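Let me begin by presenting the structure, written as structure tokens, before commenting on it.
Chains as they are written, first to last, in UniProt numbering: chain A, 1 to 315; chain B, 1 to 410.
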């Protein structure tokens with residue numbers, strides 16, 4: 001049992017940190033511009049595919065550096081030439097723009113790399129078990145993923161809280177006009193933030209690609225979970241997104257590990273009920289409903305605390 | 001005016017003439033070409049295109065060429081019906097599908113309804129891989145033919161083999177959460193319980209179909225259960241990723257699978273280092289030792305650049321040709337009648353039979369294990385240097401299972 005708890009905790013932390021890498025960019029963008037970027041998971045997918053392609057050409061390590069930069073550049077272009085123009089038409093227009101962009105990116109990726117998974121492998125340097133715990137190997141690559149995620153979290157927090165750049169960004173969040181009057185180019189700040197946010201998603205894509213599956217529907221598969229994370233954590237709150245990512249990562253992993261069902265808690269139904277919808281529900285295990293647990297959390301938090309865990313405003 | 005009529009008549013003749021000469025036998029291939037099932041769907045498409053080319057090179061069927069229409073159903077039953085209608089609208093009278101019994105049930109139902117409503121424009125459905133037993137039992141249809149052994153036939157053969165392996169004590173079941181996965185788990189429980197009551201089922205897992213990208217949490221659970229063997233009907237990315245996660249975690253158990261040979265599976269097994277500890281149950285495999293099959297495998301690999309996952313697809317297409325020639329017609333109703341009780345020498349050797357009662361094809365079944373190759377085994381998989389090795393063969397007569405099908409014939 002202890003073995004299962006330790007391994008599940010590790011797996012949960014890893015998945016949680018990956019979610020955080022993605023949601024950090026999304027939440028920063030949201031808090032700045034007030035726009036939910038539906039295409040955020042698509043930038044993650046672009047990161048994975050660029051990572052795959054560049055790995056083939058120049059190796060994994062240069063790809064790890066270059067692919068996020070590329071994705072960031074695309075993100076900046078989207079902000080400069082897309083969002084900035086639609087901004088004057090209100091948030092709905094911006095939302096629709098990113099919504100359409102998500103579909104466009106998916107189709108373009110499918111056209112370029114096909115619809116089946118590409119063969120994106122863990123780099124040979126990290127393809128060994130890092131340590132063995134309860135006779136289960138823990139792959140070095142997963143430790144690497146965990147380390148990168150934590151590193152980025154710390155850097156991001158430092159930059160936002162401790163540097164002048166972070167100060168201006170935070171000020172631009174709440175008082176864009178004042179920041180503008182003080183002589184800063186608010187437009188460029190927005191563009192850079194959008195670029196950095198996309199690049200973060202790109203990094204997540206490059207490092208998650210080999211561990212998970214790199215294929216053209218990976219954005220659609222992960223997108224909904226991201227919204228759960230940022231709503232659960234509180235829209236626009238970085239620490240909130242961090243906690244929410246870990247909670248959802250752990251909850252989902254542990255839900256898989258549990259076998260309990262209503263039947264095991266309260267005993268089987270009267271046999272006279274026969275096979276019916278009711279017995280189906282009664283016998284479903286927690287493991288089986290694991291994929292919907294995050295969405296259940298979303299519904300509950302919206303009812304109980306609409307601003308999310310650490311959010312400050314009710315949107 | 002007169003001249004115009006002549007011109008129009010001439011134009012019509014030319015148009016009609018070319019249309020007649022080009023009239024191909026269209027077969028709608030309805031399978032996932034995107035999403036989690038795409039890897040196997042694309043493999044299947046290449047296989048059918050190769051088989052069509054092979055038949056066309058020898059003059060086609062009754063002088064007509066076969067054309068495969070690729071239609072992406074995204075492993076979704078609803079989408080499959082849209083694609084089936086598209087195939088029919090494009091002039092297809094035959095459709096083939098394999099991945100997903102939920103899709104198969106929807107298609108079988110769709111074809112049956114379509115044929116009742118459109119007499120004279122019937123459509124036949126050739127199923128090459130959807131193995132839920134209900135398709136040839138309570139949900140059977142005259143218009144559906146299945147070339148793969150149904151799940152209960154496979155489980156019967158697999159458990160007959162497992163029965164004689166005393167090392168098996170604790171079995172873990174992990175399957176996809178839909179009709180097929182549920183039938184695998186139910187059959188495994190029932191048959192293992194009857195043949196080896198001493199075996200303990202230490203886990204019985206259902207997970208979402210083709211949605212999981214990381215199986216580590218499930219592997220941790222299998223590990224914790226203390227199982228020595230895992231039985232799974234997983235296919236597509238669900239078997240490849242399951243084995244990959246097991247390889248990463250260093251899980252050492254014996255795997256009894258239906259589809260470990262699909263895309264990505266062999267690579268993951270090689271990575272685990274489980275030499276001859278992953279078993280697969282199929283109607284044929286590369287190193288079966290039957291010369292015509294091995295010759296076929298060689299040319300197939302050279303041309304398509306993948307190994308033959310679906311010997312049953314070869315049987316399907318060749319039997320289609322045989323039945324059409326026997327009926328001397330390409331009318332689906334006559335072809336269906338000719339297929340009933342048709343005996344056929346299958347690709348991997350031995351006689352198969354398309355049973356009239358339920359349209360289930362019975363054929364020899366093989367259990368093979370994956371590992372280092374012996375001297376007389378020329379074929380490896382996915383460039384791993386490892387390949388499939390014969391463990392046990394079950395003859396056609398021993399694979400026969402009863403059916404509850406009450407078929408309505410036209």
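Just so you know, even glycine gets a beta-carbon here, dropped at the ideal spot from N, CA and C.
Please read these numbers as outputs of a predicted model, since none were measured by experiment.
Residue contact check for residue 216/B against chain A: a CB pair falls below 8 Å.
Fewer than three pairs of CB atoms, one per stretch, sit closer than 8 Å, so the region 232-241 of chain A makes no contact with the region 78-89 of chain A. Annotation: Cβ neighbours of residue 3/A in chain B (cutoff 9 Å, chain order): 220, 223, 224. For residue 132/B, the three-state secondary structure derived from DSSP is coil. Within its own chain, the residues whose Cβ lies closer than 7 Å to the Cβ of residue 137/A, once the five positions on either side in sequence are excluded, are 129, listed in chain order. Distance from the CA atom of residue 324/B to the CA atom of residue 120/A, rounded to whole angstroms, is 45 Å. Residue 21/A is not a Cβ neighbour of residue 151/A, given a cutoff of 8 Å.
For the region 34-60 of chain B, the set of residues with a beta-carbon nearer than 7 Å to any beta-carbon of chain A comprises 34, 35, 38, 39, 42, in chain order. In the structure shown, residue 181/A falls within a helical segment according to DSSP collapsed to helix, strand and coil. At a cut-off of 8 Å between C-beta atoms, residue 211/B counts as an interface residue with respect to chain A.
Within the same chain, and ignoring the five residues on either side of residue 38/B in sequence, the residues whose Cβ sits closer than 6 Å to its Cβ are 32.
In the DSSP assignment, residue 261/A is bridged to 285/A. When Cβ-Cβ separations below 8 Å define contact, residue 275/B makes no contact with chain A.
Here residue 138/A is bridged, per DSSP, to 131/A. For residue 288/A, a Cβ of chain B is located within less than 8 Å of the residue's own Cβ. By the criterion of at least three beta-carbon pairs nearer than 8 Å, the region 140-149 of chain B is not in contact with the region 161-174 of chain B. Boundaries of the alpha helix (DSSP H) around residue 188/A: 186-211. The continuous alpha helix (DSSP H) containing residue 113/B extends over residues 101-117.
Within the DSSP bridge table, the entry for residue 159/A names no partner.
Comparing C-alpha distances from residue 222/A to each of 8/A, 19/A, 3/A shows the shortest one belongs to 19/A.
If you ignore the 5 residues before and after residue 311/A, its C-beta comes within less than 7 Å of the C-beta of 234, 235, 236, 237, 240, all in its own chain and listed in chain order. For residue 309/B, the secondary structure class from DSSP, reduced to helix, strand or coil, is coil. Residue 193/A counts as buried, since no fewer than 16 other beta carbons sit within 10 angstroms of its beta carbon. Bounds of any alpha helix (DSSP H) do not take in residue 127/B; it lies within the beta strand (DSSP E) bounded by 124-127. Taking C-beta atoms under 8 Å as the contact rule, residue 135/B and residue 157/B fail to qualify, at a distance of about 19 Å. Straight-line measurement puts the Cα of residue 246/B at about 17 Å from the Cα of residue 12/A. Selection 131/B, 137/B, 159/B evaluated against residue 149/B yields 131/B as nearest (Cα-Cα). Under DSSP, residue 98/B forms no beta bridge with any residue.
Unbroken alpha helix (DSSP H) runs of no fewer than 4 residues, entirely contained in the region 135-169 of chain B, are found at 151-163, following chain order. Note that the C-beta distance between residue 285/B and residue 126/B is not below 8 Å. With contact defined as three or more Cβ pairs closer than 8 Å, the region 366-382 of chain B and the region 400-409 of chain B are not in contact. Look at the beta carbons and you see the region 214-221 of chain B touching the region 240-255 of chain B: at least three pairs across the two are nearer than 8 Å. Here residue 90/A is exposed: its Cβ has fewer than 16 other Cβ atoms, across all protein chains shown, within 10 Å. Per DSSP, reduced to three states, the secondary structure at residue 252/B is coil, with no helix or strand assignment.
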